[in-house]
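Trainee: Residue numbers (UniProt numbering): 1 to 377.
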Ligand SMILES: [Zn+2]
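#1: Quick one: is the Cβ of residue 348 within less than 7 Å of any heavy atom of ligand 1?
#2: For a test of the three-state rule: what should DSSP assign to residue 126, helix, strand or coil?
#3: Expressed to the nearest angstrom, what Euclidean distance is found between the alpha-carbon atoms of residue 253 and residue 70?
#4: Can you say whether residue 274 is buried or exposed, counting buried as having 16 or more other CB atoms within 10 angstroms of its CB?
#5: If residue 11 and residue 105 are in contact, beta carbons under 8 Å, what's the gap, nearest whole angstrom?
#6: Applying the criterion that 16 or more other CB atoms from any shown protein chain within 10 Å of the CB defines a buried residue, is residue 164 buried or exposed?
#7: Identify every residue that forms a DSSP beta bridge with residue 288.
#8: With DSSP as the reference, please indicate the residues paired to residue 332 in a beta bridge.
#9: Compute every distance between the C-beta of residue 175 and the non-hydrogen atoms of ligand 1, then say whether any falls below 7 Å.
#10: Could you give the uninterrupted runs of the alpha helix (DSSP H) lying entirely in the segment 250–315, keeping only those of 4 residues or more?
#11: Could you say which of 227, 228, 220 lies nearest to residue 256 if we only look at CA atoms?
#12: Note the first and the last residue of the continuous beta strand (DSSP E) segment covering residue 166.
#13: How many angstroms separate the CA atom of residue 284 from the CA atom of residue 244?
#14: Are residue 351 and residue 130 closer than 8 Å when you measure CB to CB?
#15: So, is residue 235 buried or exposed, given that buried needs 16 or more other C-beta atoms within 10 angstroms?
#16: When you compare only the Cα positions, how much space is there between residue 29 and residue 162?
#17: Report yes or no: do three or more beta-carbon pairs, one from the segment 304–315 and one from the segment 342–359, lie closer than 8 Å?
#18: Are the segment 17–29 and the segment 85–93 touching by the rule of at least three beta carbon pairs closer than 8 Å?
In structure tokens, the structure reads:
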């Protein structure tokens, strides 16, 4: 057994001070990898981008458990008085991924001191969560793609819930979502002779109505379409428009429903455009699948929380936002759970947000309890 002196608070503050955007996390990745090497581990670096993956093997054969933390930041200008506030103008750790990474490093330190008895624990530090790209890339990397993994766990800190409260759900924890941009092209003409052009005006309103009615076809699941932007032609009284753009966000708590919604949307848009003699250009943006928990793994989290005397909150509905840990959960069974950041804590992605250091120890204890459950110590 080796004694390891690791201060997760100081580490988090160091990450917080030098935040990096998705796909640009080179320095953060170097810092994390260097810390893992300090623990005596041998991390794989540049996995699926700036990802870091490290195995911690037990003394006997057994199951494999993967714990995942993200570590990218956001294009937000930090408004805090912290002495470790962002030194990178316009970039900040506004989602607490600095805390997620520090918590997982604390687990690494614990597991180096008291290794698992059986099997292997994989720690995955994932880049590019905010853009929904990192998890899929990490999972597809040769390092992970062929591995047999029995259990996957990850947490997200959750403002709005009491500090240390463990937030769980035995099925979908966070929704699938995607942006869609629909561009309709006709022909511009003089406003005095609109019949000489092809205006997308009516088709545009048909598309908007179709989008808002789309969830009605799936009454047994949670599904939601939010219109986020629309533009018809230009603000010029002399011109009949020849182009229109409609943008929306789609969400669902069920991956099959989500894919059906997308197919239905494409069919309807094509039909509307054909009727109006318009051409159409449709693109998807920032797609996330739903994070679907396994009931059994969710229960492992619940049992671990209760054994630590932590309060458990069962979500009635999934979170409407998305988390790309869903890509891990689509390949291997596991659970995403929340840890309360404080009822009145600033919300995620807000300029006054900072990860609550108090829950670092909670995350560490819970992860270690889950590891002990699957691997013994
Ligand atoms: Zn986040």
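For every residue, glycine included, the Cβ atom is placed at its ideal position computed from N, Cα and C. Nothing here was measured: the structure is a model prediction, and the numbers come from that model.
Mentor: Reading from the atomic positions:
#1: Distances between the C-beta of residue 348 and the heavy atoms of ligand 1 include at least one below 7 Å.
#2: Residue state, collapsed to three classes: strand.
#3: Computed Cα separation, rounded: 22 Å.
#4: Label assigned to residue 274: exposed.
#5: The beta-carbon distance between residue 11 and residue 105, rounded to whole angstroms, is 6 Å. This is short enough to meet the 8 Å contact definition.
#6: Residue 164 comes out buried.
#7: Residue 288 is bridged to 177.
#8: According to DSSP, residue 332 bridges with nothing at all.
#9: No, the Cβ of residue 175 stays beyond 7 Å of every heavy atom of ligand 1.
#10: Counting only runs of 4 or more, we get 255–275, 295–307.
#11: Taking the Cα of residue 256 as reference, the smallest distance to any Cα among 227, 228, 220 is reached at 220.
#12: Residues 166–168.
#13: Their Cα atoms are separated by approximately 17 Å.
#14: No. Outside cutoff.
#15: With fewer than 16 other Cβ atoms within 10 Å, it is exposed.
#16: Approximately 31 Å, taken between the alpha carbons.
#17: Because the criterion of three Cβ pairs below 8 Å is not met, the segment 304–315 and the segment 342–359 do not touch.
#18: They touch, by the three-pair rule.
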